[in-house]
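Undergrad: Residue numbers (this note's numbering): 1 to 681. Using N, Cα and C, we set each Cβ at its ideal position, and we do this for glycine too. Note that the coordinates shown come from a computational prediction; the quantities given were computed from them, not determined experimentally.
(1) If you reduce the DSSP assignment to three classes, tell me which class residue 72 lands in.
(2) Assign residue 375 to one of three DSSP states: helix, strand, or coil.
(3) CA-CA distance, residue 224 and residue 174?
(4) According to DSSP, simplified to helix, strand and coil, what is residue 682?
(5) If you draw a straight line from the alpha carbon of residue 527 to that of residue 656, how long is it in whole angstroms?
(6) With DSSP as the reference, label residue 324 as helix, strand or coil.
(7) Could you name the residues of the same chain whose beta carbon sits closer than 7 angstroms to that of residue 150, not counting the 5 residues immediately before and after it, in chain order?
(8) Between 335, 106, 354, which has its C-alpha nearest residue 343's C-alpha?
(9) Bridge partners for residue 672 per DSSP, in chain order?
(10) From residue 575 to residue 546, what does the alpha carbon distance come to, in whole angstroms?
(11) What number of angstroms, rounded off, separates the C-alpha of residue 672 from the C-alpha of residue 648?
(12) Based on the DSSP output, what are the partners of residue 194 in its beta bridges?
(13) Find the nearest neighbour of residue 544 within the set 537, 598, 553, 669, judged by alpha-carbon distance.
(14) Are the beta-carbon atoms of residue 252 and residue 277 separated by less than 7 angstroms?
(15) From this set, 162, 386, 610, which residue's C-alpha is nearest residue 404's C-alpha?
(16) Just list the beta strand (DSSP E) runs in the segment 215-271, keeping only unbroken ones of 3 residues or longer that don't cross its boundaries, in chain order.
(17) In the DSSP assignment, what residue or residues form a beta bridge with residue 152?
(18) Quick check: the segment 588-596 against the segment 556-567, are there 3 or more CB pairs under 8 angstroms?
(19) Specify, as a first and last residue, the run of the beta strand (DSSP E) that residue 651 falls within.
(20) Can you tell me whether DSSP reads residue 536 as helix, strand or coil?
(21) Can you find the residues in the same chain that come closer than 6 angstroms, C-beta to C-beta, to residue 417, ignoring five residues on each side of it along the sequence?
(22) Could you tell me the distance, in whole angstroms, from the CA atom of residue 63 to the CA atom of residue 82?
(23) How big is the Cα-Cα spacing for residue 600 and residue 562?
(24) Ignore the nearest five residues each way along the sequence and tell me which others in residue 74's own chain have a CB closer than 8 angstroms to its CB.
(25) Quick check: the Cα distance between residue 650 and residue 257, rounded to an integer number of angstroms?
(26) Can you check DSSP and say which residues form a bridge with residue 186?
(27) Quick one: residues in its chain with C-beta nearer than 6 angstroms to the C-beta of residue 328, no 5 flanking neighbours on either side, listed in chain order?
(28) State the start and end residues of the unbroken beta strand (DSSP E) segment that holds residue 287.
(29) Taking the beta carbon of residue 668 as the centre, do at least 16 other beta carbons fall within 10 Å, making it buried, or is it exposed?
(30) Near residue 658, what residues of its chain come up, given a Cβ to Cβ distance below 6 angstroms and the 5 sequence neighbours on each side ignored?
(31) Taking the alpha-carbon positions, what's the residue 130 to residue 141 distance?
(32) On the three-state DSSP scale, how would you describe residue 78?
(33) Restricting to Cα atoms, I'd like to know which of 645, 313, 676 is closest to residue 665.
(34) Rounded to a whole number of angstroms, what is the C-alpha to C-alpha distance between residue 637 and residue 609?
(35) Can you give me the C-alpha to C-alpha distance between residue 204 and residue 319, rounded to a whole angstrom?
(36) Taking the alpha carbon of residue 164 as the reference point, which residue from 197, 132, 411, 139 has its own alpha carbon closest?
What follows is the structure in C-alpha cells.
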C-alpha cells in the first residue's frame, strides 16, 4: 500500500497531466502560434498561425482533431482553421475553396475545398506518412513530388525503409536529415536490386546533407545523378551499395565530411561527357573498405582532393583520366589496392594486375582506356601520408605496390613532400606503365622532397624488353643542337651505390651533347657486370638519354647484355626537338657485361644525344626533377651556335684578374657576349 506522501504526489502528477489535444484546444490565439512552432511536427519547416492574425478566435478556430483521418472527416461548419494534434503528421491547417490534395500539405475537406498546411521551409516526409522502421517509399516519393518550386525535403531522425528508387524532381534543391547516424534510409526490397536509392538528372544547385544511406546489398548506388551542377554532398554516411556509392557528372560539385564505407564496388565516381566534371572538390572525406576504387574521376578539369583519407579500397584509392589540373594534397593513404587494377599488354595479352594507390591514365570515357588526345595534365600530388601494401601485410603476387602509376600520356606532374612511412616497402613511389604503347610525359616532371623517390617501369614483354620504350617529349622548345635554359634538364632517376653507370665519352665544342653521323652508333663504355656491378644481375636496367633527330631521322636505342640484343620500338619522329627516350632491359643472371648505344637512322642531317643515363631501376634517390635551369660552363664565351639574350656561360677555369662568366647581351650566332664578375687580383 502506498504511503500518504506517495498518494499526494500521484494526485499532483495526475492533475498536471493534461492531454495534448485538450491543451491545444484551450490555448489562446497567441498560444496556438507558439504551439505550432514548438510542439507540432514540422522539422525544418515551421507551422504558422499567420491566418489567425487580426481575426477573432471564435471566427477562425473553435476545434482541434486528433489526426489526419479525423481532419478528412471533420465537418467544419464556418471554421476556417483546425489544429491536428498527431505528433508525426499534425499541424495547423487553413481551409481554402480550391487546391489539389497531395497527402502531406494539402488534404480534401469534408463538404468541399481543401485544408492547407500552414508552414514555411522544408517538406517533412512524415507529413506524407513516412514512419521509422516501416516501408515509407510511397510517402517519401509523395513528399518529393509535392514540391512545385525550388524547395527542400526533410527527414526527421529515424530509420526509414524504401523498396523502390526515389526519383528526384528538378525542383527539389535540398535533401536533409538530422545528422549522420541520426537519419537513416535503408534499401529493403525483398531481393530485387535498385539501380539507385535516389535517382536524379539535370539538376542545378542541389544539396544532400546529414543523412546515412544503407544499400544493404539491395541497391547498386545510393545516389546517382547525371548532369548535376553546383551541388554539395555534406555529412553523408553511405554503405552497403553494390556498384558505386555515389555517381555524378557535372561541374562545381563538392563532397565534404562524407564517409563512404564498406560498399561492394566503388566509392565516389565523377565522370561523363568531356569537361562535365570541372571544379570537383573532395574535402575532409573518409573513403575506406570499399571493394572497388575509392574515387574514379575523369573527363574534366580542376579536381582537388584534400585533407581526406583513403584506406583499404581493394582495387585502387584513386583512378583519374582525361583530367586537366588534378591536385591530391594533404591526405592519407593506407593499404589500398589489395586486388589491383588490371592492364593488358598489347604485345603480351596476359592481363597484369597493378597495385597502386593512384592511377593517372590518359584518355578514356566510360571504359577506362588510353587516348593520346586526352592526357592527364597538370597533376600535383603533395603532402601525402602513404602506407602502402607490402609482402608482409598482403601477398602482392610479385607485382608492385607503388604509390601511384601513370599510364601512357601525362603532361606536367609534380610529386612532392610525400611521406612513405612503411619502411618495409621495397617497391617504387612512381611507376610508369608501358601497356604496349609509348609512354609519353610532356612538359615537366618534378619529384622532390619525398621520403622515398624510387621510379620504376613495368610492362616487360616475356622478359625481353619494355613494351615500346618510353618517351618524355618536350613540346614548343627551340630547335637548337646544344643545351640551353629552354632545354629541359634531366637528373638521373635512380642510381647504384657507386652512382651513374654510364656517362658521355666526350663533349663536342663544349656543348653537353654529341653528334651521331650517318649510320653511326655511339657506344658507352662496357659495364663489367661480372666483377664491378654484380648487383645488376637479374635486375631491370633503365637506359635512356635526351635525343634530337632532324626531319627524316630517328635515334634508336640499342643494348647488348652479352646474351641478347634489345632495341626500342619508338621513333624520335624527326621533330628537331629534344626528347627523352628510354628503354627498360633485363640483365640475365649469367651476364658478364652490358653495353648500350644510340644509332642514327634515316638520311636526314645530323642527330644529337645528350646526357645518357643507365640506372638500376627501383634504387633509392632523393630527387628526380625535370624542369630546372642548367648552368653552361666553358673556358671562354661561345663562338658558334645561336644564343638568346640573357643566356649565361660560367667560367669553368676562373683565375685572378679574370671574370666569373659571360652573358649574352644580344641574340644571334653566336650573339654578343660580355664578361661579368671581375675576380680580384
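TA: With the structure as the only source:
(1) Look at residue 72 here: in three-state DSSP terms it is helix.
(2) Note: residue 375 maps to coil in three-state DSSP.
(3) Their backbone Cα atoms lie some 15 angstroms apart in a straight line.
(4) With the chain covering 1 to 681 only, the question about residue 682 has no answer from this structure.
(5) Rounded to whole angstroms, residue 527 and residue 656 show a C-alpha spacing of 41 angstroms.
(6) Under the three-state reduction of DSSP output, residue 324 falls in the strand class.
(7) If we look at residue 150 and ignore the five residues flanking it on each side, its Cβ neighbours are 171, 173.
(8) Of the candidates 335, 106, 354, the residue whose Cα lies closest to the Cα of residue 343 is 354.
(9) Note: residue 672 sits in a beta bridge opposite 666.
(10) Whole-angstrom Cα-Cα distance: 13 angstroms.
(11) Straight across, the Cα-Cα distance linking residue 672 with residue 648 is about 11 angstroms.
(12) Residue 194 is bridged to 219.
(13) For the residues 537, 598, 553, 669, the minimum Cα distance to residue 544 belongs to 598.
(14) For residue 252 and residue 277, no; Cβs fall outside 7 angstroms.
(15) The residue with the shortest Cα to Cα distance from residue 404 is 386.
(16) Taking 3 residues as the shortest admissible run, the segment 215-271 contains the following complete beta strand (DSSP E) segments, listed from N- to C-terminal end: 219-239, 244-248, 253-256, 259-261, 266-270.
(17) 174, per the DSSP bridge assignment.
(18) A contact exists between the segment 588-596 and the segment 556-567.
(19) Start and end: 648-651.
(20) DSSP places residue 536 in the helix class (H, G or I) of the three-state scheme.
(21) Cβ neighbours of residue 417 beyond the five flanking positions: 382, 383, 449.
(22) Between the C-alpha atoms of residue 63 and residue 82 there is a straight-line separation of about 6 angstroms.
(23) Using only the alpha carbons, I get a separation of about 22 angstroms.
(24) Cβ neighbours of residue 74 beyond the five flanking positions: 63, 65, 82, 109, 110.
(25) Distance from the CA atom of residue 650 to the CA atom of residue 257, rounded to whole angstroms, is 54 angstroms.
(26) 161, 214, per the DSSP bridge assignment.
(27) Only 305, 381 meet the Cβ criterion.
(28) Run containing residue 287: 286-288, per the beta strand (DSSP E) assignment.
(29) Residue 668 comes out exposed.
(30) Here the set comprises 679.
(31) Roughly 10 angstroms between the two C-alpha positions.
(32) Shown here, residue 78 sits in coil according to DSSP, grouped into three states, outside any helix or strand.
(33) Ranking the options by Cα distance to residue 665, first place goes to 645.
(34) Approximately 23 angstroms, taken between the alpha carbons.
(35) Looking at the two C-alpha atoms, the distance is approximately 26 angstroms.
(36) Closest by alpha carbon: 197.
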